[in-house]
Amino acid sequence: MTTELGRIMHEVADNAGMRIPSGLFARARRARRRRLAALAAVTTLLIAGGIILPVWQPSPPVPAEPGTDQLPTVLESPPAGTAALDDAPMPRALALYATADQFLPGENSPLTVVGSGDRYRAYDRPEWTFASNWTKTILLSPDGRYVLMARWGSGNDTRSRLLDVATGDVTTLDAGAPLAWSPDGAVAALVHYDGDATSDDTVGGQITVVAVPTGRGLWQVPLIPLPGASRELSAALSPDGSMLAVQQRDQVAAYHRDGTVAWRAQVTGQLAGRAAWTPDGRRLLLSDEEGRLLPLDAASGAAMPTLPGVEGVQRVGRELTPLVEVVGWRGETALAVVGNQRLYELSEPPRVLLTAPDTVYELDVATARIGPEPRVPGAADPGPPPPFRLPGWALMLVAVAVIVLLSRRRPRRAVRDWLRGT
3 MTTELGRIMH
13 EVADNAGMRI
23 PSGLFARARR
33 ARRRRLAALA
43 AVTTLLIAGG
53 IILPVWQPSP
63 PVPAEPGTDQ
73 LPTVLESPPA
83 GTAALDDAPM
93 PRALALYATA
103 DQFLPGENSP
113 LTVVGSGDRY
123 RAYDRPEWTF
133 ASNWTKTILL
143 SPDGRYVLMA
153 RWGSGNDTRS
163 RLLDVATGDV
173 TTLDAGAPLA
183 WSPDGAVAAL
193 VHYDGDATSD
203 DTVGGQITVV
213 AVPTGRGLWQ
223 VPLIPLPGAS
233 RELSAALSPD
243 GSMLAVQQRD
253 QVAAYHRDGT
263 VAWRAQVTGQ
273 LAGRAAWTPD
283 GRRLLLSDEE
293 GRLLPLDAAS
303 GAAMPTLPGV
313 EGVQRVGREL
323 TPLVEVVGWR
333 GETALAVVGN
343 QRLYELSEPP
353 RVLLTAPDTV
363 YELDVATARI
373 GPEPRVPGAA
383 DPGPPPPFRL
393 PGWALMLVAV
403 AVIVLLSRRR
413 PRRAVRDWLR
423 GT
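For the sequence shown, the tail end lands on 424 under my numbering, and the numbers increase by one without skipping.
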């Protein structure tokens, strides 16, 4: 029966008049081998990419030795596709800025971080706020390693976010919101208010000097209780860290480490930035609205002859920050951010070292371990392209998902049919 059935089927096939094209089976075998090779290659690349990519990503550059970095003469707007600092950290920042079109109170407010070698990175800070009306919203450490930003919780819960530029990690310092860095960047002054410092209620508080990055409190001075205590407040640490100058409205008080007052003085102008003390600690500089520097005798608070600053410069961005903000020194010559857009060497005559884009709203510059002359920048480096920012575990997950799908019955049948060309 079976033999007869087979004979009949052969006869039907022989009489059907169909001819098999020459080489059909050989071509089918070659097509199948190509599909198998392609499938194997894709799977191998997915797995290898997940394993190799973390090593293949551009590694952070080696930290610069003292005095080897040079500031660029010009900062650019961040290039399209600039990498996030979290994905591509740098040893330190040379400059940090926010532009007017990035200024979004109440929302994420992006920052542009500029490092050595014209590296540009983006950082989305979670909130736009400040410790007082007289302080900036971004405080870059003198060596460019850290960025302090205020963090406001409910009520009078004031803290600081500390961004590590070298890792992209953020920690919280609980002692208060940031007012100032010390000139060497080893400590910072943070303020905590005992109530709602933005209201007309009389509110006091304290300023704590903390070690960075641990946030360990070192010493503390009180605030004079005032209505709207956060409206006009600034501070500056002396070069040796032994004294803290605190300005509340038109009064400056100098405190010793034990919290005792060295002197108080009625003043005109504002404390002139984190490096307001001269390097020898003998003078404390104020900045007025005309761009001049007004020194005080650091031993007594007595006014001294006015120093030339940068007069006639228009302020942009935050209007309540000092027009001349001293951020460092080169010998006896001050380096100052003026008008929120340029870094000047306050020589005779003043010399522009760095210029930011016209849209910059806030600017801070690292001045420690910087060469004597700025350099003409090259092309901006936006960091690794987006495909290479994917972490290795994400690619591994994709590879595993593909393998799991291929192991299931229906996908396996579909792949089998594809391999067979049906």
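Ideal Cβ placement from N, Cα and C applies to all residues, glycine included.
V116 and Y125 closer than 9 Å at C-beta: no
Measure the alpha-carbon distance for P224 versus P374 and round it to whole angstroms. 39 Å
Can you find the residues in the same chain that come closer than 7 Å, C-beta to C-beta, to W202, ignoring five residues on each side of it along the sequence? First, the amino acid is wrong: residue 202 is Asp here, not Trp. These residues qualify, in order along the chain: P229, G230.
Buried or exposed, going by whether 16 or more other CB atoms sit within 10 Å of the CB of G380? exposed
Run through DSSP, which three-state label would D120 get? helix
Simplified DSSP state of A247, which is helix, strand or coil: strand
Roughly how many angstroms lie between the CA atoms of P215 and D360, to the nearest whole one? 33 Å
Beta carbon of G217, beta carbon of L175: below 9 Å? yes
Excluding sequence positions up to five away, which residues of its chain have a Cβ less than 8 Å from the Cβ of V172? R163, L164, L165, D166
Do you know whose CA, among M245, G385, V149, lies nearest S302's CA? M245
Quick check: what's the CA-CA separation for P324 versus D88? 31 Å
Rounded straight-line distance, which links the Cα of R320 to that of L355: 21 Å
Any idea what DSSP makes of R411, helix, strand or coil? Since pLDDT at R411 reaches only 47, below the 50 mark, its modelled position is unreliable, and the value read off the structure follows with that caveat. Correct three-state label for R411: helix.
Between the segment 281 to 294 and the segment 80 to 99, do three or more beta carbon pairs fall short of 8 Å? no
So, using beta-carbon positions, are G178 and I209 closer together than 9 Å? yes
Please name the residue in A90, Y346, N135 whose C-alpha comes closest to that of P386. A90
Within 10 angstroms of the Cβ of P60, are there 16 or more other Cβ atoms? Answer buried if so, exposed if not. Annotation note: pLDDT 44 at P60 (below 50); position unreliable, no value reported.
What do you get for S143, buried or exposed, if any count of 16 or more other CB atoms within 10 angstroms of its CB means buried? buried
What residue range does the beta strand (DSSP E) around G330 cover? 326 to 332
If I measure Cβ to Cβ from E292 and keep anything under 6 Å in the same chain, skipping five residues before and after, which residues do I get? E313
Between which residues of its own chain and W353 is the CB-CB distance below 6 Å, once the five residues before and five after are set aside? Note that residue 353 is Arg in the sequence shown, not Trp. So the qualifying residues of the chain are E347.
With burial defined as no fewer than 16 other Cβ atoms inside 10 Å of the residue's Cβ, what is the status of T369: buried or exposed? buried
Can R344 and T357 be called in contact, C-beta distance under 9 Å? yes
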